[in-house]
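Here the structure comes first, spelled out in structure tokens, and everything after it is commentary.
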Amino acid sequence: MTAEMLSNYDIVLCSRIGMIQANRIAEAMKGSGGKFYMVDCFGWMGTAVMDLGPNYEYRKEQGKKKGELLSEVLKLEPYVPLEEIWKVPLNDLKMKRIERGQPPLVWTSYLALLSYHAAKNGTWPSPTSDDFEAFCKEEWEQKDHHEVITDYSALAKVALAEVSPVCAILGGVMGNEVIKAISGKGEPANNVILLNALDGKCRYILCNKKKEETNKEG
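Counting with the UniProt record's numbering, you get residues 1 to 218 for the letters of the sequence shown.
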């Protein structure tokens, strides 16, 4: 679809399109106030990444009976464009109870799959992809992503595997997020959702680069 066509949609939710196409779609929708969601499941893990646009506003539900009391109109902050989300260093991730120095396995696994897909002209890793581990370690040598993933062969095997319970759980979570986006009621996720069915937890993280210091001389 062209950028002009995409700008006519209020919400677009995609899967299996890769990082490059996702960036293109999110950018095309930004000017018209559209919201973009990218959702993928791989084995027992699933991820949702969203770009709600720089002008997204909502009302937070308050009180014991949610939905009856709403806050004043709030602007979603901070806003991080989709193309910047992928670039955020792991030590800048904001997540409740995240162990220092231990980035989420679901997120690092997803980044590994997306990076390979982008570098290999739209090809996802598979059980026969003998270059997957070497690619990731070389790509992430200075980022330490690869230290979190212990079995690249297992990850390659489930790159395109969609397990029904995982899809159902993440689909329910995303349905709730889309309803929030349409109604403007309730604080939305900002900007990544991670599901690990092996520990039964759905985690919400914020990918946002720390502000760089600007006291440079000259």
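Note that CB positions come from ideal geometry on N, CA and C, so glycine has one too. These figures come from a predicted structure and were not determined experimentally.
(Q) Do Lys94 and residue 284 count as a contact pair if the criterion is CB distance below 7 Å? (A) Past the edges of the chain, shown from 1 to 218, lies residue 284, and the structure says nothing about it.
**Q.** Local conformation of Lys94 per DSSP, three classes
**A.** Mapped onto the sequence shown, residue 94 falls at position 94. The three-state secondary structure of Lys94, taken from DSSP, is strand.
**Q.** Secondary structure, alpha helix (DSSP H): runs of 4+ residues fully inside the region 142-197
**A.** Within the region 142-197, the complete alpha helix (DSSP H) runs of at least 4 residues are 152-157, 164-183.
**Q.** Boundaries of the alpha helix (DSSP H) in which Tyr37 is found, first to last residue
**A.** Mapped onto the sequence shown, residue 37 falls at position 37. Premise fails: Tyr37 lies in the beta strand (DSSP E), 35-42, not in any alpha helix (DSSP H).
Q: Just mark Thr2 as buried or exposed, buried being the case when its beta carbon has 16 or more other beta carbons within 10 Å.
A: Numbered from 1 along the sequence shown, position 2 holds the residue referred to as residue 2. Note on Thr2: under 16 other CB atoms within 10 angstroms of its CB, so exposed under the neighbour-count rule.
Q: Note down the Cα distance separating Asp130 from Thr108, rounded to an integer number of angstroms.
A: In the sequence shown, the residue the question calls residue 130 occupies position 130. In the sequence shown, the residue the question calls residue 108 occupies position 108. Spanning the two alpha carbons is a distance of roughly 19 Å.
Q.
Could you compute how far the alpha carbon of Trp124 sits from the alpha carbon of Met19?
A. Indexing the sequence shown from 1 puts residue 124 at position 124. Indexing the sequence shown from 1 puts residue 19 at position 19. Between Trp124 and Met19, the C-alpha separation is close to 12 Å.
Q: Output yes or no for whether 7 Å exceeds the beta carbon distance between Gly46 and Leu195.
A: The residue labelled residue 46 in the question sits at position 46 within the sequence shown. The residue labelled residue 195 in the question sits at position 195 within the sequence shown. Their beta carbons are under 7 Å apart, which means Gly46 touches Leu195 by this criterion.
Q: Use the C-beta contact count for Ala154: other C-beta atoms within 10 angstroms, 16 or more gives buried, fewer gives exposed.
A: Within the sequence shown, numbered from 1, the residue matching residue 154 stands at position 154. That one is exposed.
Q) Where does Asn190 land, buried or exposed, given buried means 16+ other C-beta within 10 angstroms? A) For the purposes of this step, residue 190 is taken as residue 190 along the sequence shown, with counting starting at 1. With 16 or more Cβ atoms within 10 Å of its Cβ, Asn190 is classed as buried.
(Q) Using a 10 Å radius around the Cβ and a threshold of 16 neighbouring Cβ atoms, would you call Glu72 buried or exposed? (A) Here residue 72 refers to the residue found at position 72 of the sequence shown. By the 10 Å Cβ count, Glu72 comes out exposed.
Q: Report the three-state DSSP secondary structure of Arg16 (helix, strand or coil).
A: Stepping through the sequence shown from its first residue, residue 16 is reached at position 16. Note: Arg16 maps to coil in three-state DSSP.
Q) Thinking just about the alpha-carbon of each residue, which of Ser115, Gly186, Asn91, Gly200 is nearest to the one in Pro165? A) By one-based count along the sequence shown, residue 165 stands at place 165. Measuring C-alpha to C-alpha distances from Pro165 to each of Ser115, Gly186, Asn91, Gly200 identifies Gly200 as the nearest.
Q | Whole-angstrom distance between Asn55 and Val80, CA atom to CA atom | A | If you number the sequence shown from 1, residue 80 lands on position 80. If you number the sequence shown from 1, residue 55 lands on position 55. For Val80 and Asn55, the distance between alpha carbons rounds to 11 Å.
Q. Skipping 5 residues on each side, what residues in its chain have a beta carbon closer than 6 Å to that of Ile90?
A. Along the sequence shown, read from residue 1 onward, the residue named residue 90 stands at position 90. According to the sequence displayed, residue 90 carries Leu and not Ile. Excluding positions up to five away in sequence, the list reads Pro103.
Q) Buried or exposed: Arg97, going by 16 or more other Cβ atoms within 10 Å of its Cβ? A) Position 97 of the sequence shown, counted from the first residue, corresponds to residue 97. For Arg97, the predicted structure reports a pLDDT of 47, less than 50, and the residue's modelled location is therefore unreliable. The matter cannot be settled from this model.
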